[in-house]
Amino acid sequence: MSENLDPQTGRAADLPGVIRARIRQAVSARPLAATAWVVAGVGLGILLTTLVLLTFPDPERNGLTAEDFADKTLPASVKLVVEKRTRRPNVVFILADDLGYGDIKAYGPTPINTPNLDQLAQEGVRYTSFYAAASLCSPSRAGLLTGRYALRTGISYPFQNEEVKGLGGWVESRFVSLLAYLGTADLKSGGNLVNGLPPSELTIAEGLKQAGYRTGIVGKWHLGDFKRWPKYHPHKNGFDWFVGFNASNDDWPVAFYDNDQEIIADIGFEQEAYTQIFTQEAVEFIERNQEQPFFLFFSHKDPHQPFFPSSGFAGKSKGGSYGDAVEELDGSVGTILETLERLDLAENTVVIFTSDNGPWYEGNPGGLRGRKGMSYEGGYKVPFLMRYPGRVEPATVNDAPAMGIDLLPSIFAMAGVRLPDDRVIDGISLVDETGAPLASDVDRGPIYFFSGYDFEAVRQGRYKLIERNSTYGWPIPLDKPVGFAAVTMPRYSPEGDERSIPKLNSWPKLYDVNLDPSEAYNLSELYPDEVTRLEEQLETWRTEFYRDPRGRQ
């Protein structure tokens, strides 16, 4: 101990200071050797990190590979049976981006004014338990257009600009996947196993073209960067006409296209005019095709962040810039409805409005738990309005559970197009052969919820079972029982007692979403038989899906 005494005071020296001094002395005596050790240590760390990033599995892909979704697994094209009809309805499908369940007044109080959407609800049917096809942008669009769970297409996550991400983006993606493997994150996961909507998938547009429809899309595509891979262009997926973006409005560089011609390579922050541009293009599409049946898919960029409302709406809403974007979206809907009336097309046009998923950081989930990216109600449940004069009674409310995958079967039924027999169509028609909505008490069967390539939850009837969930909120590392976290979640067990309980969250969750739409009360202990039934149903579904993910008939 004497060697560690301060010679001035005779007291114990500052040990950390002594240690630092000895390290400096050693380094000064052998600088090259010390430097070599540091370099070797850093190099070894980089090597080990690289090996981990390259080799660890993504826990949410469940053994699936890109080969499972190769186009050869389904026919390149399919010939549908088209019924003879003297008249087929026009279809206008309007899709909002990241709009919450509570963001329009037809679904409850909100500071945002939405008179045109409220009018649409009064003139048609409003669904109270409608779920998006997914809780994220790209997979939701895949499910809407194909009538199939998006995982059958290989799409589980929003497509990103891979060229721009480069090596740094790859490292980031793999690092986040590592966190997912450890159970500490799962929203980003490992990305998609495909680069776009496989050409072998059948879309609403492709089916309606066989019935003589003129088809068009305006707005956001986000089902494969056709700038890099032309086979993912809307023209290759059944659409005759396209004006819009190749990707989301925040996935820079975002290109603006007129059909297959790039007009602007990157819209950047200059986005204020596009909702008005898209609306005018949609009006002109309707005007050009009023003499034949048409299908218009109006895929809005709003109210996805960042918000760039035009001068006529900026600063006008009591809901801030998000509210401005929603009110401009509502104004666009009003313009489309006015156009149909002006051209005397309203009576023979089905107008459908919904959102691709729940709200992200801003927006109102309507008192529901969760947001975009989660299997809670707030991530999946969205507004759904449908007007079809003479078929749909005005101001109808339908409480039946339904999902975005039901869109293709419903539109095909109204247009007289039979479903294909070479692949599984997961959705059901929400209308009968006349186009009238099915009653609220019709059981449409189970609805499944997924994150990554993992089916997490199921709803049938009034009960919803969540076995595990994506929350991306505190406490992320301890909340979802997957990967490393599944065995490290803290539990308490009294000494000498074989029983234990989790100190934080517990799974599974069982909710009566009719009685408790906010998913506040876990009923798993109250109704264990219901838990068992739904767990068995979910596991059977997983087994069948992973056996044949493309769903071939």
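Under this note's numbering, think of the first position of the sequence shown as 4, with each following residue one higher.
Beta carbons are placed, not taken as given, at the ideal position from N, Cα and C, and that holds for glycine.
Bear in mind the structure is a predicted one, so any value in this text is a computation, not a measurement.
Check your understanding: Under a three-way DSSP split, which group does K239 fall into?
Key -> helix
Review point. Does the beta carbon of I207 come closer than 8 Å to any beta carbon on chain D?
Key: Given the protein chain composition of this structure (a single chain), no chain D is represented.
Check your understanding: Taking just the CA atoms, how far does S320 sit from P520?
Key -> 28 Å
Check your understanding: Going by other Cβ atoms of all chains shown within 10 Å of its Cβ, with 16 needed for buried, is S503 buried or exposed?
Key -> exposed
Practice item. Take V427 and list the residues in its own chain whose beta-carbon comes closer than 8 Å to its own, dropping the five residues that flank it on each side. Key: R151, R155, G554, R555, Q556
Check your understanding: Counting only runs that start and end within the segment 353-406, where is the beta strand (DSSP E) found for 3 or more residues in a row?
Key -> 387-390, 399-401
Check your understanding: Thinking C-beta only, is A276 closer than 8 Å to F301?
Key -> no
Check your understanding: Quick one: what's S80 bridged to in DSSP?
Key -> In DSSP, S80 forms no bridge with anything.
Review point. Tell me, which residues are paired with L98 by DSSP?
Key: S302, T357
Point to revise | Pick from Y379, S413, D425 that is closest to S138, judged by C-alpha positions | key: Y379
Practice item. Ignore the nearest five residues each way along the sequence and tell me which others in I339's own chain have a CB closer than 8 Å to its CB. Key: V95, I97, T282, A285, V286, I289, F301, V354
Practice item. Can you tell me which of the three DSSP states W505 falls into? Key: With the sequence shown as reference, residue 505 is identified as Pro, and Trp is not the correct amino acid for it. Here P505 sits in strand by DSSP.
Check your understanding: Where DSSP assigns a beta bridge to I469, which residues make up the other side?
Key -> A460, K512
Point to revise | Coil, strand or helix - Y524 by DSSP | key: coil
Practice item. Pull up the CB-CB distance for L67 and Y456, whole angstroms please, since I reckon it's below 8 Å. Key: 5 Å
Check your understanding: Would DSSP call F310 helix, strand or coil?
Key -> coil
Check your understanding: Distance, Cα to Cα, Q540 vs V516?
Key -> 18 Å
Point to revise | Simplified DSSP assignment, three categories, for K108 | key: helix
Review point. With respect to the alpha helix (DSSP H) encompassing T342, which residues constitute its N-terminal and C-terminal limits?
Key: 323-345
**Study point:** Which of helix, strand or coil DSSP assigns to W244
**Key:** strand
Review point. Where does the unbroken beta strand (DSSP E) through T3 begin, and where does it stop?
Key: What is shown of the chain runs 4 to 556, which leaves residue 3 out entirely.
**Study point:** Own chain, CB closer than 6 Å to A124, minus 5 neighbours either side, in chain order
**Key:** A109, L388
Exercise for review: Flag L226 as yes when its Cβ comes closer than 7 Å to any non-hydrogen atom of the ligand GDP, and as no otherwise.
Suggested key: This structure does not include the ligand GDP; it has no bound ligands of any sort.
Point to revise | Which of helix, strand or coil DSSP assigns to Q279 | key: helix
Check your understanding: For the alpha helix (DSSP H) that Y549 lies in, which residues bound it at each end?
Key -> 531-550
Practice item. Assign E528 to one of two classes, buried (16 or more other C-beta atoms within 10 Å of its C-beta) or exposed (fewer than that). Key: exposed
**Study point:** Sequence-distant residues of its chain with Cβ nearer than 6 Å to F245 (five each side left out)
**Key:** I220, P237, N262
Check your understanding: Any idea what DSSP makes of F415, helix, strand or coil?
Key -> helix
Check your understanding: Can you list, in chain order, the residues of its chain whose CB lies under 8 Å from that of E538, leaving out five sequence neighbours each side?
Key -> L468, E470, P511
Practice item. Keeping to the same chain, check which residues put their C-beta closer than 7 Å to that of S496; ignore five residues upstream and five downstream. Key: R502, S503
**Study point:** Inter-residue spacing [alpha-carbon to alpha-carbon] between D253 and E86
**Key:** 42 Å
Check your understanding: Since E265 sits in a beta bridge, which residues does DSSP pair it with?
Key -> Y260
Review point. Between the Cα of D429 and the Cα atoms of P412, P306, G44, which residue gives the shortest distance?
Key: P412
Check your understanding: Given that a residue counts as buried once 16 or more other Cβ atoms are within 10 Å of its Cβ, and exposed if not, what is A460?
Key -> buried
Point to revise | Three-way DSSP call (helix, strand, coil) for S141 in this model | key: helix
**Study point:** Cross-strand partners of S251 (DSSP beta bridge)
**Key:** S251 pairs with nothing; no bridge assigned.
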